[in-house]
Every structure is written in C-alpha cells, then in structure tokens.
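**Q** Here full-length UniProt numbering is used: the first residue of the sequence shown is 1, the next is one more, and so on. After the structure tokens below, expect a handful of questions from me.
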Amino acid sequence: MNNLNDLLKNILENKNFTTLFQPIFSLSNATVVGYEALTRGPENSIYYNPEKLFESAKSENLLWELELSTRLSAIEKFCNFKTDKILFLNVDPDIIKDKKFTKGATKHLFENIINTSNIVFEITEKTAIKDYIEFKEIIQNYKTQGYKIAIDDVGSGYSGLTTISEVRPNYIKIDMFLIRDIDKDNFKKSIVKALVELADNTNIKLIAEGIETLDELKTVIELGIPLAQGFLLSRPAKELLEMNVTLKNFIKEIKSSLEKTKFTSAFEISIGKLARRDKAVQFSTLSADIEKIFLNNYRLHGIAVLEGERVVGLITKRDFFTQLGTRFGRELYLKKPIEKIMDTEPLLVDYYTPINKVIKRIANREEHKLYDYVIVEKEEKYFGVVPIINLLEKSMELELYMAKYSNPLTGLPGNPIIEEKIGEAIDKKTPFSLIYFDLNNFKSFNDYYGFERGDKVIKYTANILSRHISFNDNAFLGHVGGDDFVAIVKSYNIKNLCKNIIEEFDFNIKRFYNREDLERGYIATLDRDGSQKNFPIMSISISSVSNKNHLNYEKIIERVSEVKKLCKSFCKKYCKSYFLAEEEIFIE
C-alpha cells in the first residue's frame with residue numbers, strides 16, 4: 001500500500017502521466033467537432049488505468065491535486081495545437097463543487113488563452129450527486145461564464161434522468177453499453193430513439209460513445225445521433241487526429257443512402273429553407289462595433305457570434321442595449337469584446353431539422369428567450385438565422401395545408417399526399433413495400449355500436465399502425481379514408497412487422513365490444529342488403545406489394561388492389577386477421 005502511495009505522489013510531483021485526445025466526430029460530414037482529454041498513468045504500472053489512478057487519489061485525499069494537474073496539462077497541450085475545436089474535460093461532481101475548482105479553473109483557462117465557449121465540462125458520475133439544488137446552481141454559474149456541460153455514460157450507473165433534468169446539459173454522451181451491438185438489439189434501439197426524441201425537443205446534442213463496428217456506426221447514423229466517438233473512428237492519441245478516408249466515405253455513403261430512401265412528410269420543411277443569410281460577427285468584435293451595426297439596421301434584432309466558422313453565441317438588440325443602459329454599462333462594455341455580454345446558449349439547430357421540431361424546442365426555452373432568433377448551422381458551420389415571426393408564419397401555412405390534405409379524424413396524410421408519396425418512392429428506385437390495411441366487419445360494428453365507438457376503433461387502429469410503422473426508419477403512413485390505411489416501408493422484409501400489428505390488433509380489439517357479444521363471438525345486425533346476419537369480431541386485412549417487380553404507379557396500384565381482394569376473402573374464410581404478400585401468405 002505504501003509503495004502505491006509513493007507511486008501516486010511521484011506521479012503528482014513529476015507529472016508522470018500522459019494526456020491523450022480522442023476525437024468526437026460529426027456524423028453529418030465526418031469532421032472533428034472536438035476532442036476528449038484522457039489521462040493515462042505511467043506505462044507498465046497499475047496506475048496506467050485512469051480509473052485506478054483517480055480512485056487511489058480520492059482515497060488518499062489527493063483528488064483535487066490530481067484533477068488540477070491533469071486538467072492544466074490537457075489545456076496547455078490542447079492550446080499548443082492552435083485549434084478552434086472544442087475540448088471535453090472529465091470532471092467528477094465532487095470536484096466541480098470544490099471552491100478551489102471554482103476559483104482556479106477560470107484563471108488558468110484564460111492564462112492559456114482558451115475561450116470558455118471551447119470548454120465542455122464532462123460530468124463523470126461515479127457516485128450519486130447528494131445535493132442537486134447546490135449542484136444545479138454551480139452548473140448554471142459555469143454556463144453563464146460560457147462553459148458547456150456534458151453528462152457522460154448516460155444509460156449506466158448514476159447518470160440517469162434526474163441528472164439530465166436538473167443539469168439541463170448541452171451534450172449527452174450515450175454509454176457504450178447501449179451502443180454495443182445496437183444493430184442487433186431492437187430494445188436498445190428503442191431506448192436510444194427515446195433519447196433522440198428528448199434531444200430533438202430540448203436542444204441537446206447526443207454523442208454515441210464506444211463505437212467499435214461498422215454496423216454499430218451505420219445504426220447510430222440511421223437513428224439520427226449527430227455525434228460519435230469510439231475506437232472504430234479513432235483511438236486516443238497524443239496528437240489531434242482526423243478520421244481516415246475509408247470511414248469518411250462509408251459515412252457519406254450511409255448518409256446518401258438515407259437521403260435517397262427518406263420519405264419526407266409533406267408537412268415537414270427544413271428550417272434551413274427559412275434561414276436568412278445575415279452576416280455574423282467574431283466573438284472578439286468590440287461592443288462599440290455591435291452598437292453601430294444595430295443603429296444602422298433598425299430591423300435587425302439579433303446577431304450570431306462566431307469563433308472562426310463555429311457558432312458560440314447570440315447577441316440580441318434587447319439584451320445589448322439593456323446592458324449598455326445600466327449604470328456604468330457603456331464604460332464597462334463598449335470597448336470590450338462582445339463575448340462578455342452575448343448569450344452563450346442560443347437555440348442552435350441543424351439546417352435539415354424540420355420546423356415542427358424547432359417549434360417544440362422553442363416551447364421549451366426560457367420565457368425571456370422565446371422570441372430570440374434561431375441560429376442555423378450547416379455541416380457544423382454558421383449558415384444563417386430565422387426570426388420567430390417567419391417561423392410562425394410558415395407553421396401556420398403548413399397547418400392550413402395539413403388541415404386541407406389530412407384526415408380530420410386521425411390527422412394522418414390523406415389521398416393527395418399518399419399518391420405523392422407512392423410516386424416519390426417509385427421515382428427513387430430504392431426497395432420499398434406498399435402495405436394496405438383494411439378492417440373486416442367494421443361497417444357492421446359501426447352500425448351496431450354507433451359512430452362514436454366506430455371512431456374510437458379507427459383512432460385505435462391508426463395508433464397501432466403509427467407506432468409499429470415508426471420502428472422502420474423513414475416509413476410513411478397515410479389514411480385513405482374510413483377503415484383503410486396505406487404504409488410505405490423501405491424494405492421487402494415486412495413479414496414480422498405485419499405479424500406484430502396483427503397480434504396487437506387482435507389482442508386489444510375485443511375491448512371495444514360488449515361482454516355478451518364477445519362471449520357469443522359475433523354481433524347480429526343488418527347486412528348491406530338489409531338482411532339480419534351474424535358478424536364475427538373485427539379482424540384486420542394486410543396486403544402488400546413491392547417495387548421488386550412493378551416499376552410504375554399504375555401497375556403497383558392495380559396489383560395491390562388484386563392482393564387486397566384476395567386477402568379479404570381469406571379473412572372471411574378463416575374468420576381471422578390475415579397477411580398476404582405477393583410472394584407468400586402468412587396466416588395469423
């Protein structure tokens with residue numbers, strides 16, 4: 001034990017450790033957005049493993065000294081590379097609360113001429129945070145200074161939803177446990193999809209950790225995670241590495257393939273199409289120059305602030321003149337860089353983000369920021385801004401369009417959009433299946449129980465279909481009318497999808513019937529000819545065709561109509577839900 005203690009002290013006194021940098025890549029263009037600083041102890045010693053090193057330092061009450069020494073080493077080495085990339089620094093929650101950290105970190109960061117907007121404190125939760133109120137206040141203090149916050153290892157240990165909710169981080173790093181074999185594990189995919197949706201609604205950027213295979217990388221891209229790191233992409237190194245050409249080409253191919261097979265909703269427009277190409281300013285621009293810009297353009301209400309081509313903030317006219325209007329405000333700020341008073345956490349979105357997702361993020365902003373410009377970036381570089389009034393106008397326009405062309409009961413796209421999407425899928429010439437859904441014995445149910453309960457069945461069916469179809473990337477679902485629905489899925493392998501829909505439909509449809517009718521197994525009502533007849537419990541007919549053999553719109557529509565008629569005849573014959581494809585028949 002004494003030998004280990006001596007070794008630890010020797011490491012601290014002689015800085016006998018190595019700082020490595022592992023790149024974090026953008027999956028939109030395969031470029032580096034930042035580097036995580038990692039520490040390794042002396043080679044061929046127990047402390048080469050950083051966990052052993054920091055655990056031992058903690059037990060010997062030397063954690064602060066080790067944190068300070070390794071952090072300063074990382075900053076010094078990083079600054080020597082003269083890069084404008086982001087530096088991710090691992091910080092234990094107990095250390096970030098330490099007054100010595102608060103006083104010392106900022107001072108040393110500025111001494112090394114590194115902008116606070118280039119620093120991300122990566123919270124590595126090895127132990128539970130005991131006082132969230134105090135911790136939240138400290139984190140907010142760092143945010144106001146321009147630092148960014150990441151939560152590490154989300155999905156394992158203590159890094160859970162409570163920490164995310166309290167800290168409101170800029171980045172979430174998805175633990176490698178959730179990423180490992182995600183291409184083979186649908187449950188993990190569902191968890192990560194939920195995180196993607198959370199990030200979409202809260203302006204948080206996700207980073208997938210520990211990617212080790214091409215299949216994992218492909219799946220992560222398909223799920224919409226914007227950033228990633230892992231041994232496959234690049235191992236930690238003493239130098240700042242880039243991605244190799246082979247991997248860059250692989251990512252570009254995946255992105256290109258996704259673009260070709262993507263069925264964009266008619267109600268979705270990317271925010272980039274609304275962007276105004278306003279000039280931005282560098283973070284070193286003096287406030288006096290910003291004042292001139294605002295005074296010379298009374299219509300301008302905000303300016304994006306950059307470091308190089310990367311967005312680091314937003315200065316609004318409102319906040320700018322409020323600061324100058326305070327006592328000594330002009331003396332304090334006018335001759336200083338705009339970074340001193342800019343908003344370091346503006347709403348920053350990718351060019352291709354649908355405007356409905358942007359509106360959700362706006363709704364989650366603080367009240368005083370609701371009308372601030374949205375900043376748009378393309379390939380991790382500044383592109384332009386979108387005033388909120390322009391966004392609201394386009395949103396209202398789309399709502400009117402949606403009301404005109406969607407089904408009023410389910411809200412799903414109606415026939416004009418369905419026809420457009422089928423045509424689009426055919427033109428792209430990539431594999432897809434057209435699936436037709438039709439309820440059996442729905443009319444008799446509607447006549448027997450009334451329209452109100454009938455509408456509930458239609459909504460129930462729409463919900464089941466929407467949920468199952470959504471598990472398939474870039475799939476499309478439309479409502480033809482009545483009890484008929486159509487889906488387009490970019491795959492020929494749809495048997496399991498249809499089987500799962502049938503299982504859930506059959507299990508839950510019974511709750512819409514009265515007990516006595518269920519026990520009987522049918523309802524007695526008039527048929528289309530006015531004759532009394534017994535109608536079995538509702539079932540669902542699923543028919544499918546693909547573009548494997550049919551390359552034009554007319555042929556596909558004609559064929560799906562034929563398959564649908566045959567499928568319904570099987571449903572009637574067997575009194576069960578039925579799936580019929582061109583190539584095979586599946587009976588449930």
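Note that CB positions come from ideal geometry on N, CA and C, so glycine has one too. From a predicted model like this one, the values you see are computed outputs, not experimental measurements.
If we count the other Cβ atoms within 10 Å of its Cβ and call it buried at 16 or more, is Lys538 buried or exposed?
**A** Reading off the sequence shown, one finds Met at residue 538, where the question assumed Lys. When all chains shown are included, Met538 counts as buried.
**Q** Assuming contact is defined by CB atoms lying nearer than 8 Å, are Asn170 and Lys136 in contact in what I supplied?
**A** Cβ distance not < 8 Å, so Asn170 and Lys136 don't count as in contact.
**Q** In chain order, which continuous runs of the alpha helix (DSSP H) of length 4 or greater are located wholly inside the UniProt domain "GGDEF" (430-584)?
**A** Entirely contained in the UniProt domain "GGDEF" (430-584), the alpha helix (DSSP H) runs reaching 4 residues are, in chain order, 442-449, 451-470, 495-508, 515-520 and 553-574.
**Q** Going by other Cβ atoms of all chains shown within 10 Å of its Cβ, with 16 needed for buried, is Asn514 buried or exposed?
**A** Looking at its Cβ environment, which holds fewer than 16 other Cβ atoms inside 10 Å, Asn514 is exposed.
**Q** Taking the alpha-carbon positions, what's the Phe17 to Leu38 distance?
**A** Cα to Cα, the separation comes out at about 10 Å.
**Q** Would you call the region 230-238 in contact with the region 5-22, where contact means no fewer than 3 C-beta pairs closer than 8 Å?
**A** As far as the Cβ criterion goes, the region 230-238 touches the region 5-22, which means the pair count is three or higher.
**Q** What separation, rounded to the nearest whole angstrom, lies between the Cα atoms of Phe586 and Arg511?
**A** For Phe586, the pLDDT reaches just 42, beneath the cut-off of 50, and the residue's location in the model is therefore unreliable, although a value from the coordinates is still provided. Looking at the two C-alpha atoms, the distance is approximately 25 Å.
**Q** For the alpha helix (DSSP H) containing Arg330, name the first residue and the last one.
**A** Taken as a continuous stretch (DSSP letters only), the alpha helix (DSSP H) holding Arg330 covers Gly329 to Tyr333.
**Q** According to DSSP, simplified to helix, strand and coil, what is Leu8?
**A** Here Leu8 sits in helix by DSSP.
**Q** Quick one: what does DSSP say Asn296 is sitting in, helix, strand or coil?
**A** Helix at Asn296.
**Q** For Glu13, name the three-state secondary structure that DSSP assigns.
**A** Three-state result, Glu13: helix.
**Q** From the DSSP output, in three-state form, read off Gln22 for me.
**A** Correct three-state label for Gln22: strand.
**Q** Straight-line CA distance for Tyr574 to Lys565?
**A** When rounded, the distance between both Cα atoms is 15 Å.
**Q** Are the CB atoms of Thr430 and His479 within a distance shorter than 8 Å?
**A** Taking 8 Å as the Cβ cut-off, His479 and Thr430 do not qualify as a contacting pair.
**Q** Using the C-alpha atoms, what's the distance from Arg453 back to Val376?
**A** Distance between the alpha carbons of Val376 and Arg453 is about 46 Å.
**Q** Span of the beta strand (DSSP E) holding Leu206?
**A** Taken as a continuous stretch (DSSP letters only), the beta strand (DSSP E) holding Leu206 covers Lys205 to Ala208.
**Q** Would Ile556 be called buried (16 or more neighbouring beta carbons within 10 Å of its own) or exposed?
**A** Under this definition Ile556 is a buried residue.
**Q** Quick check on DSSP: helix, strand or coil for Ser406?
**A** Here Ser406 sits in strand by DSSP.
**Q** With DSSP as the reference, label Pro354 as helix, strand or coil.
**A** Strand, per DSSP.
**Q** Buried or exposed for Asn141, please, with buried defined as at least 16 other CB atoms from any protein chain shown within 10 angstroms of its CB.
**A** Asn141 comes out exposed.
**Q** Applying the criterion that 16 or more other CB atoms from any shown protein chain within 10 Å of the CB defines a buried residue, is Ser287 buried or exposed?
**A** It is buried - the Cβ of Ser287 has at least 16 other Cβ atoms within 10 Å.
**Q** Give me the residue from Gly313, Ser284, Thr31 and Leu347 with the minimum Cα distance to Gly146.
**A** If we check each option's Cα against that of Gly146, Gly313 comes out closest.
**Q** Once the 5 residues before and after Glu329 are set aside, which same chain residues still bring their CB inside 7 Å of it?
**A** One detail in the question is off: residue 329 reads as Gly in this sequence, not Glu. Answer for Gly329: Gln323, listed in chain order.
**Q** Starting from Asp215 and walking both ways along the beta strand (DSSP E), at which residues does that stretch end?
**A** Looking at the DSSP string, Asp215 is not in any beta strand (DSSP E); the run it does join, the alpha helix (DSSP H), is Leu214 to Leu223.
**Q** When the Cα atoms are used, what is the spatial distance from Ile269 to Ser28?
**A** Looking at the two C-alpha atoms, the distance is approximately 18 Å.
**Q** I'd like to know whether the C-beta atoms of Ile164 and Ile172 end up nearer to each other than 8 Å.
**A** Yes; because the gap between Cβ atoms is below 8 Å, this pair is in contact.
**Q** Using only CA atoms, which one of Val311, Lys428 and Leu347 lies nearest to Ile388?
**A** Ranking Val311, Lys428 and Leu347 by Cα distance to Ile388 puts Leu347 first.
**Q** Exposed or buried, Pro93, counting other C-beta atoms within 10 Å across all chains shown (16 or more means buried)?
**A** So Pro93 ends up on the buried side.
**Q** Taking Gly210 as the reference, which of Glu36, Lys443 and Ile418 has the closest Cα?
**A** Among Glu36, Lys443 and Ile418, the Cα nearest to that of Gly210 belongs to Glu36.
**Q** Buried or exposed: Lys15, going by 16 or more other Cβ atoms within 10 Å of its Cβ?
**A** Label assigned to Lys15: exposed.
**Q** Quick check: Tyr401 and Pro416, are their CB atoms within less than 8 Å of each other?
**A** No, Cβ-Cβ distance for Tyr401 and Pro416 is not below 8 Å.
**Q** Please state whether the Cβ-Cβ distance between Phe437 and Ile502 is less than 8 Å.
**A** Their beta carbons are not under 8 Å apart, which means Phe437 does not touch Ile502 by this criterion.
**Q** Considering Cα atoms alone, identify which of Ile359, Asn552 and Tyr460 is closest to Glu419.
**A** Measuring from the Cα of Glu419, the nearest candidate turns out to be Asn552.
**Q** Quick one: any contact between the region 287-305 and the region 337-345, if contact means 3 or more CB pairs under 8 Å?
**A** Contact between the region 287-305 and the region 337-345 is present, because at least three Cβ pairs lie under 8 Å.
**Q** Below 8 Å on the Cβ atoms is my guess for Ser257 versus Phe432; work out the distance and round it to an integer in Å.
**A** That pair is no contact at about 13 Å.
**Q** What number of angstroms, rounded off, separates the C-alpha of Phe320 from the C-alpha of Ser156?
**A** Answer to the nearest angstrom: the Cα atoms are 42 Å apart.
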